[in-house]
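Enquirer: For the record, the sequence lines run as chains H and Z.
Counting from 4, one number per residue, gives the positions in the first sequence under the working numbering.
Counting from 356, one number per residue, gives the positions in the second sequence under the working numbering.
Backbone N, C-alpha and C define an ideal beta-carbon position, used for all residues, glycine too.
Note that the structure is a prediction, hence the values are computed from the model and not measured.
Dropping the structure in here first, questions after.
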Amino acid sequence: MNISHNHRLLFGLALGGFLFLSLLIAVRPAWSVQENNASLPGAVAMTDDERAGLHVFISEGCVACHTQQVRNIDMDKPWGGRPGMASDYAWRTRIDIWRATPSTLGTERTGPDLTEVGKRQASADWQYLHLFNPRTVVKQSIMPAFGWLFTETTSLLPDEKAVNVPPAYRDGLTGTIVPTERGRQLVAYLLSLKQVALPTGSEAPGFIEYTPAKALVAEVAGSVAVAAGPDGAALYATHCQACHQANGEGLKGAFPPLKGSPVVTDANASLMVNVVLQGYDARPEYGAMQAFGDRLTDAEIAAILTFERQSWGNKAPAVPVAFVTAERAALKSKPGV
Amino acid sequence: MPARERPCFQHPLRQHPLRQWMLMIPGFLLLTPVVASAQTKPESIYSQPAVLGTGLLLLLIIGTAVVVVFLQLRPILLRLYPPMVPDSTPEADPAAPPTGEQFDELRTALVTPRDERGLVQRVSRNVHAPLVSDKKRGQPLTDVDPKLVRLVSAYLLCATVWLVFGTLVGWYVGIKFVRPDIDHIAWLSFGRLRPVHTNAVFWGWTSLAMLGLGNFVVPRTGSTPLYSYRIGWWTLWLINAATVLGTLCLMAGINNGGGEYREYIWPVMLLFAVGLILTFYNYFKTVANRKTPEIYISNWYIIGACGWVIILSVIAYLPFYQNGLGETIIQGYYMHQGVGMWFMTFTLGLVYYFLPLSLNKPIYSYSLGALAFWTQLLFYTLIGTHHYVFSPIAWWLQTVAIVFSAGMFIPVLAGTINFAMTFRGSSKQVGDSYSLPFLLIGVVLYFTGSVQGSLQAFRTTNLVWHFTDFNVAHSHITMYGIVAFMLWGCIYTLLPKLTGREPRTLLVGIHFWFALIGLMAYVVALMVGGTLKGLSWMAAQPFIDSVVLMAPYWLWRAIGGTLMLLAHFVFGYNLLDMLRPPRRQPAPTLQPLERHEYIA
């Protein structure tokens, strides 16, 4: 019988065909990836706080702008040491009976990727300030301010730390600002985000290099982007500026200034190199600084330090790459480090 | 040594002349250097076929807009320059036809026009150089059940309320890209409002408008009454309830998991699904009761879409295979099919009815429509994973998605040729109609938006465009440029026929041009900005630079969005205007016309 005359046949075929193709292309692959998947041996299970923080993350719609997906292409290298793998997401399950599996891979990167934000911005102080109002630490940011994750208090609890918001951003609050429970949970979740190391001996999947890209980037961006050697100013913007600020003055009560700092302008750069390599948390009035030893190469560290030592009125000699290499070697040979 | 300038402000892209231009001139002029550089620099990004293709597609849209402008202006221009009439009365020549005053006298004596039988519906006087040309009016349908008119009107009214609400929200979140500190209220924060916008325009506006029009088309094409009005009303209430509850949930921070378009939690989406199941049953029974032997092609698309979206929602919400990366595979499948198998398919079905209706001729080819239907089913279903190119999802799945994305060219071309050939030879009718320009733009954007989407799925273009605002531009070309424009075309065709009340031509024109110009500003700004953003990432520049460089494009987006919002207010007024009881028209008594009126 003619298909255009028989409604049962026509719509039976259309719906049956769609169901068949759907099972083939969506349900079966999804089922198979769910069944044949496990977290890496080094993965640490989420704490209750971190899991609650993930729920805050979903509820506030953070996934609209933040991916958690290091693609296997060159340009995603800043976001993780290796491309993401299925096992990185094996922990994801349904949130509860009402809510589905969190869709954390994301489809848009209006803000930075968060795969390794716990390593990149390891300072809780920075995270709180940034959440209270991102403009306090990143002037050009367009992220929403999450004031409702904070509250005012008159007396701090023993394990509580005030968020030192600059006066211009206090939004009319006069008291001591502390995060609410949801705020704490969200920061706990963010700080837990880092890639799990592969088991020793196994080789990480590689990033795909694409050669034409360099040429076209050079064409659009001019010669600046492909200048020889690492660009200290750009690296500073990527790795340091969020705390120490573009003007090198830091934030009062949160992050120390580099402008005019004796550590930075010291003719002997040894202490400065070691702070960057190992991190620093010796001064209670400032937030802790994470280590950059395993995130940056010697040449990159040298470029950043040279930039810092010769900007904002600082006039200290450049740091040679060999000097950073030597300090790193000395650090390794020290017992107990 | 003076303090060095802050590095991140010295964005290299800022110095590039290309950027200056993009800010100052309409984006389409860009295509000139794009094509030029393609010939000289083989390694250039602009020589990539997909990028070139996208540029040409943009040019096609603009070309169509120019043609529509011409068609719309032609009647006015003809009136502005009436043919010359000699002033002096020549010497009386008994053989010459009477002219001037002689003629007037003759006419007054012989003809005193009266329209005693009420054949003339409407007389316009003072037709000299009006602001807009007058459009042809359709004849009202007299054989439609008033119950059906009420039902369709209720659907369209609710849909329009959601359109205005949804775009108001969308406009506000667009403003937040420019002024992030405009408010600090949790319920109005960007992360919560963004899904409110997308879901309201998806389920509230588009779905209700489609179903409302479907309630008319399905019975009409089968020459049979709608199976059940009661079911029609139930679906309306269920979908409205789902959208209200879903909106409130999202604003309160209750989100299903953040996957796009399935942000409503399942109890809310269940209402929507039940509504659709009811309507599927209603349409199916109506078609089963048809008086025609054949099932008209519109119903293939309309009922197919209703069935597909039910299967789709069930698969998307069932939890049994969504742990780990399973969720992501389903997400890619769901968000793409939601657009392709529901909105696009249903709307195409409507166009297969309303385009022939407005042009008063049959669709060019029934077979092409059937070909497009089956290839849509085969190709569209398999391409969801192209939203996750280079992700940890299996490489073969990504490749299948990319290959079939290219295959989408077949249904798109089949559909476009079918519509274009139906339009062929009817440019005068487009110029004389206020609803056909919407359908024309919808068809042109159907071709451009879909082909552009296929090009965007390739791995080379994905490198630059994925994760950037380019995606937002694409989704607005499709959901707005194709679906919303087609729906407007259908509504402006149908409602006056049902209610006997025409909207004001000038206001329909304002709706059309504000929506089209707003969309173009929106899309071009985000495409250009998105491309620069992708290139900035590839150049490994600090991430914040890619935020800074977007500022002017986000501003242009907000401007385009404002125009679109204004267009929707005007549309809302037009809809109310069409829904009011018909204007009472006294049987006109024609007065003798002045001489100059004949010239017009």
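(1) Would DSSP call valine 181 of chain H helix, strand or coil?
(2) Does threonine 736 of chain Z get closer than 8 angstroms to chain H when you measure Cβ to Cβ?
(3) Closer than 8 angstroms is the cut-off here; do at least three beta carbon pairs connect the segment 321-337 of chain H with the segment 278-297 of chain H?
(4) Excluding sequence positions up to five away, which residues of its chain have a Cβ less than 7 angstroms from the Cβ of valine 326 of chain Z?
(5) Here's the rule: buried if 16 or more other CB atoms are within 10 angstroms of the residue's CB, otherwise exposed. What is proline 937 of chain Z?
(6) Helix, strand or coil: which one does DSSP assign to alanine 17 of chain H?
(7) Shortest alpha-carbon distance to asparagine 817 of chain Z belongs to which of Z/Lys888, Z/Pro792 and Z/His831?
(8) Would you say tyrosine 314 of chain Z lies against chain H (beta-carbon separation less than 8 angstroms)?
(9) Determine, using beta carbons only, whether proline 574 of chain Z comes closer than 8 angstroms to chain H.
(10) Skipping 5 residues on each side, what residues in its chain have a beta carbon closer than 7 angstroms to that of isoleucine 914 of chain Z?
(11) Counting only beta-carbon separations shorter than 8 angstroms, does glycine 659 of chain Z have a partner in chain H?
(12) Kindly say whether valine 141 of chain H, judged by its beta-carbon, lies nearer than 8 angstroms to any beta-carbon of chain Z.
(13) DSSP three-state call for leucine 343 of chain H: helix, strand or coil?
(14) In chain order, what residues of the segment 128-152 of chain H put their CB closer than 8 angstroms to some CB of chain Z?
(15) Quick one: any contact between the segment 123-131 of chain H and the segment 97-108 of chain H, if contact means 3 or more CB pairs under 8 angstroms?
(16) So is isoleucine 540 of chain Z buried or exposed if we call it buried at 16+ other beta carbons inside 10 Å?
(17) Which runs of the beta strand (DSSP E) fall wholly inside the segment 84-168 of chain H and span at least 3 residues, in chain order?
(18) Report the three-state DSSP secondary structure of methionine 292 of chain H (helix, strand or coil).
(19) Where do the N-terminal and C-terminal ends of the alpha helix (DSSP H) with glutamine 811 of chain Z fall, by residue?
(20) Just to confirm my understanding: we take glycine 251 of chain H, look at its own chain, exclude 5 residues before and 5 after, and list those with CB closer than 8 angstroms. What are they?
(21) Within the continuous alpha helix (DSSP H) that includes isoleucine 748 of chain Z, where are the two ends?
(22) Residues of chain H with a CB under 8 angstroms from the CB of threonine 965 of chain Z: which are they?
(23) For leucine 752 of chain Z, which residues in chain H fall below 7 angstroms Cβ to Cβ?
(24) Please classify tyrosine 283 of chain H: does DSSP put it in a helix, a strand, or coil?
(25) In the DSSP assignment, the alpha helix (DSSP H) including arginine 617 of chain Z goes from what residue to what residue?
(26) Three or more beta-carbon pairs under 8 angstroms between the segment 45-57 of chain H and the segment 695-703 of chain Z, yes or no?
(27) Compile a chain-ordered list of the residues in the segment 37-70 of chain H whose CB is closer than 7 angstroms to at least one CB of chain Z.
(28) Thinking glycine 762 of chain Z and phenylalanine 734 of chain Z are a contact (beta carbons under 8 angstroms), I'd like their distance in whole angstroms, please.
(29) Sort Z/Asn595, Z/Cys604 and Z/Ile609 by Cα distance to glycine 630 of chain Z and report the nearest one.
(30) Note the first and the last residue of the continuous alpha helix (DSSP H) segment covering alanine 895 of chain Z.
(31) Can you pull the chain Z residues whose beta carbon is under 8 angstroms from the beta carbon of leucine 18 of chain H, in chain order?
(32) Using a Cβ cut-off of 8 angstroms, pull out every chain H residue sitting near serine 746 of chain Z, in sequence order please.
(33) Determine the direct distance from the alpha carbon of leucine 193 of chain H to that of alanine 55 of chain H, and round the result to whole angstroms.
(34) Tell me which residues of the segment 819-832 of chain Z have at least one Cβ-Cβ distance to chain H shorter than 9 angstroms, keeping chain order.
(35) Name, going along the chain, the residues of the segment 164-191 of chain H whose beta-carbon falls closer than 7 angstroms to a beta-carbon of chain Z.
Expert: Quick look at the numbers:
(1) Three-state result, valine 181 of chain H: strand.
(2) By this cut-off, threonine 736 of chain Z is an interface position.
(3) yes
(4) Residue 326 of chain Z cannot be examined here, being either before or after the span of chain Z that is shown, 356 to 955.
(5) Counting Cβ neighbours within 10 Å, proline 937 of chain Z comes out exposed, since fewer than 16 surround it.
(6) helix
(7) Z/Lys888
(8) Outside the shown range of chain Z, which is 356 to 955, sits residue 314 of chain Z, and nothing can be said about it.
(9) no
(10) Ala876
(11) Yes, contact with chain H.
(12) Between valine 141 of chain H and chain Z, the shortest Cβ-Cβ separation is below 8 angstroms.
(13) What the structure shows of chain H is the stretch from 4 to 340, and residue 343 of chain H is not part of that stretch, so it cannot be assessed.
(14) Asn136, Pro137, Arg138, Val141, Gln143, Ser144, Ile145, Met146, Pro147, Ala148, Phe149, Gly150 and Trp151
(15) no
(16) exposed
(17) Those beta strand (DSSP E) runs which fall completely within the segment 84-168 of chain H and span 3+ residues are 153-156.
(18) strand
(19) 791-811
(20) Pro260, Leu261, Lys262, Glu311, Ser314, Trp315 and Asn317
(21) From DSSP, isoleucine 748 of chain Z is part of no alpha helix (DSSP H); its letter is neither H nor E.
(22) As shown, chain Z starts at 356 and ends at 955. That puts residue 965 of chain Z outside it, with no answer to give.
(23) Those are Pro32, listed as they occur along chain H.
(24) strand
(25) Arginine 617 of chain Z -> no alpha helix (DSSP H), and no H or E assigned at all.
(26) no
(27) Gln37, Asn40, Ile61, Ser62, Glu63, Gly64, Cys65, Val66, Ala67 and Thr70
(28) 4 angstroms
(29) Z/Asn595
(30) From DSSP, alanine 895 of chain Z is part of no alpha helix (DSSP H); its letter is neither H nor E.
(31) Annotation: Cβ neighbours of leucine 18 of chain H in chain Z (cutoff 8 angstroms, chain order): Gly659, Gly662, Trp663 and Ile666.
(32) Gln72, Arg74, Gly87 and Leu108
(33) 11 angstroms
(34) Val819, His821, Phe822, Thr823, Asp824, Asn826 and Val827
(35) Asp174
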